[in-house]
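Asker:
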Amino acid sequence: MDNKSVIKLSSNETPLGTSNKALEAIKNSASNPARYPDGSAQQLREAIAKFHNLNIENIICGNGSDEILSIFANCFAGPGDEIVYSQHGFLVYPIAAKAAGATPIVAAEKNYKADVREILKVCSNKTKICFIANPNNPTGTYLTRQELIILRKELPQNCLLVIDSAYAEYVEREDYTNGIDLVTKYNNVACTRTFSKIYGLAALRIGWAYASQEVIGLLNRIRLPFNINTIAQHAAVAALQDREFIANAVRHNNKWKPFLENELKKIQIEIVPGVGNFVLAKFKNIEHANACYAYLENNNIFVRKLAEYGLPDFLRITVGLEKENVFICKIINEFIKKY
Ligand SMILES: Cc1ncc(COP(=O)(O)O)c(C=O)c1O
170 MDNKSVIKLS SNETPLGTSN KALEAIKNSA SNPARYPDGS AQQLREAIAK FHNLNIENII
230 CGNGSDEILS IFANCFAGPG DEIVYSQHGF LVYPIAAKAA GATPIVAAEK NYKADVREIL
290 KVCSNKTKIC FIANPNNPTG TYLTRQELII LRKELPQNCL LVIDSAYAEY VEREDYTNGI
350 DLVTKYNNVA CTRTFSKIYG LAALRIGWAY ASQEVIGLLN RIRLPFNINT IAQHAAVAAL
410 QDREFIANAV RHNNKWKPFL ENELKKIQIE IVPGVGNFVL AKFKNIEHAN ACYAYLENNN
470 IFVRKLAEYG LPDFLRITVG LEKENVFICK IINEFIKKY
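Residue numbers for the sequence shown follow my numbering, so the first one is 170 and each next one is one higher.
See the structure below:
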């Protein structure tokens with residue numbers, strides 16, 4: 170790598186860029202910005218419904234899944250209500266809870282994994298939503314389909330279980346579910362998805378949720394009318410059509426995630442076994458993690474510090490391109506020899 174290029178491995182985007190089909194759609198739809206976008210995102214919802222074999226009436230699209238998570242919180246919780254999430258869960262959940270005036274409640278994890286019993290322990294009739302990222306960011310761990318079913322059955326009936334499956338495309342485990350089957354089975358389960366990760370459209374902000382028509386109807390009442398711009402809508406429709414691009418991204422991840430993990434293990438860095446497109450690396454202590462972060466930064470490599478996730482002695486590294494993966498391992502190796 171030359172010294173000037175910046176390597177960004179901090180936000181779990183795909184390193185493979187964007188599908189040519191989506192890029193073409195972006196160019197074509199950029200020519201008429203004078204008109205408002207389609208407020209119902211009809212074409213996009215149709216494309217999602219067709220791709221996943223769902224009913225279009227059960228889909229809502231948002232300005233990134235972040236917006237959808239926040240709509241969930243605003244719609245179903247307010248002052249006096251509680252929203253439960255797990256100890257190292259995605260940080261948008263407490264933000265969305267607080268913004269809605271609700272109280273975020275943390276459930277302890279075991280071995281960096283959400284724990285059904287601990288979640289149930291902190292639930293009460295005040296709990297309106299339980300957010301679970303599956304797999305979770307930044308830990309990469311996941312609850313099995315069976316664990317999610319137990320959770321759903323034992324949560325209070327009027328608590329909505331929202332399964333955030335932002336990294337679902339990367340997971341190839343038999344006991345995993347992206348949540349779609351559970352939404353179909355239980356009317357108090359919803360799942361969210363994003364075009365920001367494997368689809369390579371993070372900058373355009375597109376996410377969606379699948380839930381019962383009743384839940385979608387409620388979410389739509391507070392969704393702002395033109396929440397997804399035209400370029401994003403067209404790009405996402407085109408991205409869904411490029412199945413080879415997605416398959417390639419999965420292959421890439423399956424090759425390079427184990428590479429990163431193995432290289433780091435060789436130098437005594439502990440890895441939390443995860444199934445996303447990122448690696449959670451444990452350092453000797455907080456100072457060691459911070460020093461490694463600084464060392465990487467000095468080499469123009471950016472990874473994610475995790476103090477705000479309660480993991481100050483860890484760094485999260487997104488799987489990059491081949492040369493980026495090789496380079497970061499070389500630099501961490503160098504760091505470990507010195508510190
Ligand atoms: C678990 C999880 N959910 C949701 C998101 C947000 O994605 P979006 O870009 O669709 O808002 C992220 C992004 O980092 C994530 O890791």
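Cβ atoms here follow ideal geometry from the backbone N, Cα and C, with glycine treated the same way.
Please read these numbers as outputs of a predicted model, since none were measured by experiment.
Which same chain residues, not among the five before or five after P248, have their C-beta less than 6 Å away from its C-beta?
Answerer: Within the sequence shown, numbered from 1, the residue matching residue 248 stands at position 79. Excluding residues within five positions, the ones whose Cβ falls inside 6 Å are G270.
Asker: Give the range of the beta strand (DSSP E) segment to which P427 is assigned.
Answerer: Taking the sequence shown and counting its residues from 1, one reaches residue 427 at position 258. Not the beta strand (DSSP E): P427 falls in the alpha helix (DSSP H), residues 412-435.
Asker: Under the assumption that Y311 contacts V352 (Cβ atoms under 8 Å), give the Cβ distance between them as a whole number of angstroms.
Answerer: Taking the sequence shown and counting its residues from 1, one reaches residue 311 at position 142. Taking the sequence shown and counting its residues from 1, one reaches residue 352 at position 183. 17 Å between Cβ atoms; not a contact.
Asker: Would the stretch 363-375 and the stretch 178-191 be scored as touching if the rule is three or more Cβ pairs under 8 Å?
Answerer: Yes, they touch.
Asker: When you measure from the CB of S179 to every non-hydrogen atom of ligand 1, does any distance come out below 7 Å?
Answerer: Looking up residue 179 in the sequence shown gives position 10. No, since every heavy atom of ligand 1 falls outside the 7 Å radius drawn around the Cβ of S179.
Asker: Hey, is the stretch 391-401 in contact with the stretch 204-224, meaning 3+ C-beta pairs nearer than 8 Å?
Answerer: Because the criterion of three Cβ pairs below 8 Å is met, the stretch 391-401 and the stretch 204-224 touch.
Asker: At which residue ranges does the stretch 239-302 contain complete beta strand (DSSP E) runs of 3 or more residues, listed in the order of the chain?
Answerer: DSSP runs (the beta strand (DSSP E)) wholly in the stretch 239-302: 251-255, 272-276, 296-302.
Asker: Of all the alpha helix (DSSP H) runs that stay within the bounds of the stretch 332-381, which reach a length of 4 or more residues?
Answerer: Here the runs fully enclosed are 349-354.
Asker: Helix, strand or coil for V175 per DSSP?
Answerer: Along the sequence shown, read from residue 1 onward, the residue named residue 175 stands at position 6. Note: V175 maps to coil in three-state DSSP.
Asker: Keeping to the same chain, check which residues put their C-beta closer than 6 Å to that of A405; ignore five residues upstream and five downstream.
Answerer: For the purposes of this step, residue 405 is taken as the residue at position 236 of the sequence shown. L213, F364, I375.
Asker: Look at the alpha carbon of L388 and the alpha carbon of Q382, and state the distance between them as a whole number of angstroms.
Answerer: Sequence index remark: in the sequence shown, residue 388 carries index 219 (1-based). Sequence index remark: in the sequence shown, residue 382 carries index 213 (1-based). For L388 and Q382, the distance between alpha carbons rounds to 10 Å.
Asker: Output the boundary residues of the beta strand (DSSP E) element that contains A450.
Answerer: Taking the first residue of the sequence shown as position 1, residue 450 is located at position 281. Start and end: 447-451.
Asker: State the Cα-Cα distance for the pair S198 and H403, rounded to the nearest angstrom.
Answerer: For the purposes of this step, residue 198 is taken as the residue at position 29 of the sequence shown. For the purposes of this step, residue 403 is taken as the residue at position 234 of the sequence shown. In a straight line, the C-alpha of S198 is about 7 Å away from that of H403.
Asker: Just jot down, in chain order, the residues whose CB lies closer than 6 Å to any heavy atom of ligand 1.
Answerer: For ligand 1, the selected residues are N181, G233, S234, D235, F259, A302, N306, D333, A335, T363, S365, A371, G376.
Asker: Using a Cβ-based criterion (distance less than 7 Å to any ligand heavy atom), does N189 qualify as near ligand 2?
Answerer: Questions concerning ligand 2 fall outside what the structure shown contains, since the ligands it does hold are ligand 1.
Asker: Which residues bound the beta strand (DSSP E) around R485?
Answerer: Position 316 of the sequence shown, counting from 1, holds the residue named residue 485. Where R485 is concerned, the enclosing beta strand (DSSP E) stretches over 483-487.
Asker: Exposed or buried, which one is N347 when buried takes at least 16 other CB atoms within 10 Å?
Answerer: As a position in the sequence shown, residue 347 is number 178, starting the count at 1. Looking at its Cβ environment, which holds 16 or more other Cβ atoms inside 10 Å, N347 is buried.
Asker: What is the rounded straight-line gap between the Cα of I415 and the Cα of A191?
Answerer: Residue numbering aside, residue 415 sits at position 246 when the sequence shown is read from its first letter. Residue numbering aside, residue 191 sits at position 22 when the sequence shown is read from its first letter. The alpha-carbon atoms of I415 and A191 are separated by roughly 12 Å.
Asker: Given S234, which residues of its chain have a CB within under 8 Å of its CB, disregarding the five upstream and five downstream residues?
Answerer: Taking the sequence shown and counting its residues from 1, the one referred to as residue 234 is at position 65. Around S234: D333, A335, T361, R362, T363, S365, G376, W377, A378.
Asker: Excluding sequence positions up to five away, which residues of its chain have a Cβ less than 6 Å from the Cβ of N423?
Answerer: As a working note, residue 423 is residue 254 in the sequence shown. For N423, where only same-chain residues beyond five positions count, there are no Cβ hits under 6 Å.
Asker: Out of D411, I500, K451, L475, state which residue places its alpha-carbon closest to the alpha-carbon of V257.
Answerer: Position 88 of the sequence shown, counted from the start, is the residue given in the question as residue 257. It is His, not Val, that sits at residue 257 in the sequence shown. Here the closest residue by C-alpha is L475.
Asker: Between which two residues does the alpha helix (DSSP H) containing V495 stretch?
Answerer: Along the sequence shown, one-based indexing puts residue 495 at 326. Segment 491-507, the alpha helix (DSSP H) holding V495.
Asker: So does the stretch 418-436 actually touch the stretch 498-507, counting three or more Cβ pairs closer than 8 Å?
Answerer: The answer is yes - the stretch 498-507 touches the stretch 418-436, with three or more Cβ pairs under 8 Å.
Asker: Mind the definition here: the stretch 449-457 touches the stretch 488-500 only if three or more C-beta pairs lie below 8 Å; say whether that holds.
Answerer: The stretch 449-457 is not in contact with the stretch 488-500.
Asker: Among A337, L329, F447, L238, which residue has its Cα nearest to the Cα of K426?
Answerer: Taking the first residue of the sequence shown as 1, we reach residue 426 at position 257. With distances taken between Cα atoms, K426 lies closest to F447.
Asker: Is the number of C-beta pairs between the stretch 455-468 and the stretch 281-292 that are closer than 8 Å three or more?
Answerer: Contact between the stretch 455-468 and the stretch 281-292 is absent, because fewer than three Cβ pairs lie under 8 Å.
Asker: Run the CB neighbour count on K282, radius 10 Å, all protein chains shown included, and call it buried at 16 or more, exposed below.
Answerer: Here residue 282 refers to the residue found at position 113 of the sequence shown. By the neighbour-count rule (16 or more Cβ atoms within 10 Å), K282 is buried.
Asker: Rounded to whole angstroms, how far is the Cβ of A218 from the Cβ of A242, which I believe are closer than 8 Å?
Answerer: The sequence position of residue 218 within the sequence shown is 49, counting from 1. The sequence position of residue 242 within the sequence shown is 73, counting from 1. With a Cβ gap of about 25 Å, A218 and A242 do not count as contacting.
Asker: Straight-line CA distance for A337 to V419?
Answerer: Counting from one through the sequence shown, the residue named residue 337 turns up at place 168. Counting from one through the sequence shown, the residue named residue 419 turns up at place 250. For A337 and V419, the distance between alpha carbons rounds to 11 Å.
Asker: Within 8 Å of any Cβ in chain C, is that where the Cβ of A283 sits?
Answerer: No chain C is part of this structure, which consists of one protein chain only.
Asker: Let me know the secondary structure DSSP gives R473 once reduced to three states.
Answerer: In the sequence shown, the residue the question calls residue 473 occupies position 304. R473: strand per DSSP, three-state reduction.
Asker: For E439, which beta-bridge partners are listed by DSSP?
Answerer: Locating residue 439 in the sequence shown gives position 270, where the first residue counts as 1. Partner(s): K451.
Asker: When the Cα of E341 is compared with those of N356, I274, P304, which residue comes out closest?
Answerer: Position 172 of the sequence shown, counted from the start, is the residue given in the question as residue 341. Of the listed residues, the one whose Cα sits closest to E341 is P304.
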